[in-house]
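Using the UniProt record's numbering, you'd call the opening residue of the sequence shown number 1 and step up by one each time.
For each residue, glycine too, the CB sits at the ideal point set by N, CA and C.
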Amino acid sequence: MSEFPHYQQPSSLPSNYALMSHFNPELDPDELEAELEEENGSLPEESSQGISIQQNIDPTIAGPFGPVSYAIKRRRTMSAVPTTANRPNRQTLSPLPGTPAFMPESVFVDERAPLLRSETAERLDKEEGPKSFWYHFGIELKVLCRYSFPILASQVLEYSLIVASVISIGHIGTDALAGSTLGNMTGSVTGYSIALGFICALDTLLPAAWTSDDPRMVGLWTQRMVVLMSILLVPMFVIWFNTESILLLLHQDPEVARYAGLYLKYASVGLPAYTYNAIAKRYFQSQGLMHVPTVATAIVAPLNLFLNWLLVWGPDPVRLGFKGAPLATAFSFNLMLVVFLIYGCFFAPKTAWCPISRRSFTRLGDLVSLGIAGVGMTVSEWWSWEIVALAASLLGPAALAAQSVILSTCSGLWQASNALSIAAAVRVGNLLGAGLAREASLACKVSLFMALCAASLMCSLLVCFRHSMCSLPLRR
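Here you go:
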């Protein structure tokens, strides 16, 4: 089994923390109203959304690192600041999507104001002693755990798209399973690892763009990545359609090479969707819409299991045998992309979206520069596993099939650590984008502690269940 299922990254933080740097407590509501009245006539005659929550509630509440105030000053860059003539009354303001239900009625907010007080970083500096550190450590631990679980659910569901293919092909025969493994290895080396390496550039750009003064940069960088990956898909297709000839030149078993070439030809139907899905996930993750990839995968995963049975082992009129497994997976990837597009067009907030223009085709060199670093990191890790698969293929189809089962098992257990890494990356990125370096440092320490615990648990499971865990894909 190839290594690429390890790195399918779905989803990120809920809206309260994805928007955490969007509220600024520099001005109380009365001063805000007075200032807006003074500016009447100099601002555009447009209405703006606000919020109206129950009265008689203290506008300062407890946040993860101290009191949080929601009384803010609007940014001058916003064109939707209301004038006196059309500014909504405080009693009639409606809440923004995702606004916490406990926010006071007297507060005006927009999606660009930071949620945490500017004093938060100072409090972490001043509160010395082990009690203060462990208190904040515990809070951050709960936050990362809560954010990791939806990501893990999405990861496991998405990984089932690959495991279903392994199990269905494993019941066909050893040569078929070895061929699919060799095909996945070739696809990982020449396609998946390259694509996800470049897409890793969005992990750096999007979280900081979302918490910047112009969140539309999230959509702009996403469009640029789509353009770049569309160009890179062309040489990937050329290699995939000539896989059998390449493997024969490497002295692979002819029957296994034939299966591998056949597998990649049909799997290529889902390669563009796989790539665009990875981009879409990061687009939603950076905005805190972490439930979107989970819901999309929950819709597709059961259908993928059914398709693997139908196309590989179903009735004669629809049974395709070996070819049915990669086609089922490819169809599932395309269906997931359709779900993402529907949600993005009709349900997702448009705050981060930037209209498509000439700017969408510019500054691709910046993405290439960041992407090359990501490719180097991804390739160095992925290819170390693929070299093992290549070495196993030289030992014969049986050894390669066994290696596929072992790697599939390890990949499934690895999803917990991967989910944690995604949650930590976006959490730290949002905090840094908000200028909260102390909080970001604490989040890093907590995530490292959680990674150590997860790795220890996974190793223990492998040791305890090593004799029974790896036999499932080959049972008849």
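Who are the near neighbours of residue i in its chain, counting only those whose CB is closer than 6 Å to its CB and skipping five residues on each side?
i, result
"VAL218", "LEU206, ALA209, TRP210, SER286, ALA352"
"MET336", "ASN277, ALA296, VAL300"
"TYR266", "LYS323, PRO326, LEU327"
"ASN89", "Confidence in ASN89 is poor, its pLDDT being 43 and thus under 50, which makes the residue's placement unreliable; the coordinate value appears in the next sentence. There are no such residues."
"ALA425", "ASP203"
"ALA348", "none"
In chain order, what residues of the same chain have a beta carbon less than 8 Å from the beta carbon of residue i, not counting five sequence neighbours either side?
i, result
"MET377", "GLY197, CYS200"
"TYR259", "ASP175, ALA176, ALA178, GLY179, SER180, LEU182, GLY183, PHE322"
"ALA454", "ALA416, SER417, LEU420"
"GLY412", "VAL156, TYR159, VAL163"
"THR204", "LEU370, GLY429"
"residue 488", "The structure shown has nothing for residue 488, since the chain only spans 1 to 476."
"LEU141", "VAL446, PHE449, MET450"
"LEU303", "SER332, LEU335"
"PRO254", "LEU248"
"VAL339", "VAL295, ALA296, ILE299, VAL300"
"ILE356", "GLN223"
"LEU305", "SER160, ALA164"
Should residue i and residue j be called a contact, given that it needs their Cβ atoms to be closer than 8 Å?
i, j, result
"ALA164", "LEU400", "no"
"ILE172", "GLY321", "yes"
"ASN334", "GLN155", "no"
"PRO397", "THR174", "yes"
"ILE162", "SER180", "no"
"THR222", "TYR274", "no"
"PHE403", "VAL388", "Phe is not the amino acid found at residue 403; the sequence shown has Gln there. For GLN403 and VAL388, yes; Cβs fall inside 8 Å."
"SER188", "TRP382", "yes"
"MET185", "LEU390", "yes"
"VAL144", "ALA423", "According to the sequence shown, residue 144 is Leu rather than Val. It is a contact, given that the beta carbons lie within the stated cut-off."
"LEU431", "GLU439", "yes"
"LEU279", "LEU232", "For the sequence presented, residue 279 should be read as Ile rather than Leu. Not closer than 8 Å, so no."
"PRO150", "THR294", "yes"
"TYR343", "VAL312", "no"
"LEU307", "SER332", "yes"
"VAL446", "PHE133", "no"
"SER212", "GLY433", "yes"
"VAL226", "SER393", "no"
"CYS354", "ARG216", "yes"
Between residue i and residue j, which are expected to be in contact by the criterion C-beta below 8 Å, what is the C-beta distance as a whole number of angstroms?
i, j, result
"GLY261", "ALA330", "Contact doesn't hold; Cβ gap of about 16 Å is too wide."
"ARG224", "LEU341", "The pair is not a contact, with the Cβ atoms about 18 Å apart (cut-off 8 Å)."
"MET290", "TYR147", "7 Å"
"ALA443", "ARG427", "5 Å"
If I measure Cβ to Cβ from residue i and keep anything under 7 Å in the same chain, skipping five residues before and after, which residues do I get?
i, result
"TYR263", "GLY179, SER180, GLY183, PRO326"
"GLY191", "MET236, TRP240, LEU271"
"ARG359", "LEU220"
"ALA153", "THR294"
"VAL375", "ILE194, GLY197, PHE198"
"VAL318", "LEU310, LEU311"
Does the ligand NAP have a heavy atom nearer than 7 Å to the CB of residue i?
i, result
"ILE167", "No copy of the ligand NAP appears in this structure; indeed no ligand is present at all."
Item to complete: Please list the segments of the alpha helix (DSSP H) lying wholly inside the segment 207-246, counting only runs of 4 or more residues, in order along the chain.
Response: 217-240
Item to complete: Any chance you could list the alpha helix (DSSP H) runs of at least 4 consecutive residues sitting entirely within the segment 371-444, in chain order?
Response: 397-433
Practice prompt. Could you pull out every unbroken beta strand (DSSP E) segment of at least 3 residues lying fully inside the segment 291-379, listed in chain order?
Written response: none
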